[in-house]
Amino acid sequence: MLAGLIFAIEEASDRPGTLVATLPFGGMTLLEYQVRLLSGAGAQHVLVAVGKMTPALLSAVSRASRRDLFVEIVRSAEEAAEKIGEEARVLVMADGLVTTDPVMDRMGHEGPEALLVTDDADSPAAIERLDMRDCWAGVARISIGQLRQIAQMPDDYDFQSALLRVAAQSGADHVPLTASWLRSGHAVEHSAEGLAARNTGIMAALTERRTDWADRWVFTRIARMVLPELVSRNVPGWALIGVAGVLALLSFTAIAYDWEGTGLIVSLLSAATFATSGAMAALRGEERRARAIEWTLLALFGGVALGCGWMERVRLDTTTPLVLAAVALATQFLIERAPSRHRRWWASPSAHLLSLTPFALAGLIQFGLGAAALYAFMTLAAAVEGTREKA
């Protein structure tokens, strides 16, 4: 079993009386974001170590608790040790830590005790020096036995520092902080201004869920521009999904009225809105919704392709365009299910929509559907080959 321990003791340097953990971050509080990360790493029980109780902290803990995740407050190492099971591993997050899912997934793996470290003492992630070379970078994996060692120390010991010292002296593995993790926003912040600056970097990392060229160079850039504004205004995720759904229906309607070019342009707006809502869902820890949105993009492409294929069938009195659309959709479905790592040039629902648009505007949608089917087949062949190499 994996348990989480978050420190929420320090006050914000630019907001006296306000805990860093309760500062706004990503459309929620920093504490809620940290709980989301621990839940994503597999934690079922999260403890929040506090020095003082505030109404904002209690509200954040209440919002972070879910049916499958129990979040509670502790005041000491002794109390924390009593609440965690005998066989549990404990994933610790430092006070004010901002990080991303890849870091937590790496540190949450099965294995011996470990400390995330950086050899750059001036790094924004460096908290406390461990030895002549490394500084702690804010995440630790410890055992329940080490937590009990801290519980036996005098009450005037600093909980976080004592935990770090016990883990270091027990020979915990040092896991180096990579450059990519640092670029994605991993840092420790104790000010509202610093958290606001980190917010943008974290959002940028979360928008890069899909790696294909269309998402990376078009839809991800759009999501990255609008997401901070949406989050700052607390726009609900369902609102974006609703807007994207309405745009999708308008796209299908335009195609049904034989306005394929207009329909494709509106479908691009729908795809961009879906991509933004998927990034927002990922930010808020709603992984199931984020995955569902990715499949919705496939449904959007399917509706557009089949609609265009049907209209071309009526216009040209041949089933070839409709068959090409069906083949492209079925092949793309297999690509989405492929276990191999997706490459930048591979076909995706977003890439198909972008590729079809110029053909539709030029009145050559049948050739666009043929190109989509060929593109999907080439990608599927690469996916199959990648799976064989992996095996």
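Heads up, the sequence shown is in my numbering, so the first residue is 91 and it goes up one at a time.
In this text, a Cβ means the ideal position worked out from N, Cα and C, and glycines have one as well.
Limits of the unbroken alpha helix (DSSP H) element including residue 305: Counting from 1 along the sequence shown, the entry for residue 305 is found at position 215. Careful: residue 305 lies outside any alpha helix (DSSP H) and carries neither H nor E.
Beta-ladder partner(s) of residue 225, from DSSP: Translated into the one-based positions of the sequence shown, residue 225 becomes position 135. In DSSP, residue 225 forms a bridge with 208, 219.
Segments of 4+ residues assigned as alpha helix (DSSP H) that fall wholly inside the segment 307-335: Within the segment 307-335, the complete alpha helix (DSSP H) runs of at least 4 residues fall at 310-322.
Within 7 Å, strictly: CB atoms of residue 181 and residue 201: Taking the sequence shown and counting its residues from 1, the one referred to as residue 181 is at position 91. Taking the sequence shown and counting its residues from 1, the one referred to as residue 201 is at position 111. No, Cβ-Cβ distance for residue 181 and residue 201 is not below 7 Å.
Distance, residue 112 Cα to residue 101 Cα: The residue given as residue 101 occupies position 11 in the sequence shown. The residue given as residue 112 occupies position 22 in the sequence shown. Here the alpha carbon of residue 101 sits roughly 9 Å from the alpha carbon of residue 112.
Validate contact between the segment 447-467 and the segment 381-398 using beta carbons, cut 8 Å, 3 pairs: Contact between the segment 447-467 and the segment 381-398 is established, with three or more Cβ pairs separated by less than 8 Å.
Proximity test, residue 383 beta-carbon vs the ligand FAD heavy atom, cut-off 6 Å: The ligand FAD is absent from the structure shown, which contains no ligand whatsoever.
Strand pairing of residue 156, partner residues [DSSP]: Taking the first residue of the sequence shown as position 1, residue 156 is located at position 66. Residue 156 is bridged by DSSP to 159.
Status (buried if at least 16 other CB within 10 Å, exposed otherwise) for residue 288: Walking along the sequence shown from the start, residue 288 turns up at place 198. The residue in question, residue 288, is buried, as its Cβ has 16 or more Cβ neighbours within 10 Å.
Proximity of residue 467 and residue 421 at Cβ, strictly below 7 Å: Locating residue 467 in the sequence shown gives position 377, counting from the first residue. Locating residue 421 in the sequence shown gives position 331, counting from the first residue. With respect to residue 421, residue 467 sits close: the two C-beta atoms are nearer than 7 Å.
Exposed unless 16 or more other CB atoms sit within 10 angstroms - verdict on residue 327: Locating residue 327 in the sequence shown gives position 237, counting from the first residue. By the neighbour-count criterion, in which 16 or more other beta carbons inside 10 Å mark a residue as buried, residue 327 falls on the buried side.
Unbroken beta strand (DSSP E) run spanning residue 267, endpoints: Sequence index remark: in the sequence shown, residue 267 carries index 177 (1-based). No beta strand (DSSP E) contains residue 267, which DSSP labels as neither H nor E.
Pair within 7 Å by beta-carbon distance, residue 224 and residue 209: To locate residue 224, count along the sequence shown from 1; it is residue 134. To locate residue 209, count along the sequence shown from 1; it is residue 119. In this structure, residue 209 lies closer than 7 Å to residue 224 by Cβ.
CB contact below 7 Å: residue 314 versus chain B: Among the protein chains of the structure shown there is no chain B, as only one such chain exists.
Spatial neighbours of residue 428 in its chain, beta-carbon cut-off 8 Å, leaving aside the 5 residues before and after: As a working mapping, residue 428 is identified with position 338 in the sequence shown. These residues qualify, in order along the chain: 470, 473, 474, 476, 477.
Residue 169 in three-state terms, based on DSSP: Within the sequence shown, the letter at position 79 stands for residue 169. Assigned with DSSP and collapsed to three states, residue 169 falls in helix.
Rounded straight-line distance, which links the Cα of residue 207 to that of residue 282: Reading the sequence shown from its first residue, position 192 is the one you call residue 282. Reading the sequence shown from its first residue, position 117 is the one you call residue 207. Taking the straight line joining both Cα atoms gives about 24 Å.
Three-state class that DSSP yields for residue 280 in the structure shown: Counting from one through the sequence shown, the residue named residue 280 turns up at place 190. Secondary structure at residue 280: coil, using DSSP grouped into helix, strand and coil.
Close-in-space but distant-in-sequence residues of the same chain around residue 124 (CB under 6 Å, 5 per side omitted): Residue mapping note: residue 124 aligns to position 34 of the sequence shown, counting from 1. For residue 124, where only same-chain residues beyond five positions count, the Cβ hits under 6 Å are 96, 183.
The segment 132-142 touching the segment 306-320, judged by at least three CB pairs closer than 8 Å: Verdict: no, contact absent.
Pairwise C-alpha distance: residue 266 and residue 425: Residue numbering aside, residue 425 sits at position 335 when the sequence shown is read from its first letter. Residue numbering aside, residue 266 sits at position 176 when the sequence shown is read from its first letter. When rounded, the distance between both Cα atoms is 35 Å.
Residues near residue 482 by beta carbon distance below 7 Å, same chain, minus five either side: The shown model of the chain, from 91 to 481, leaves out residue 482, and the question about it has no answer.
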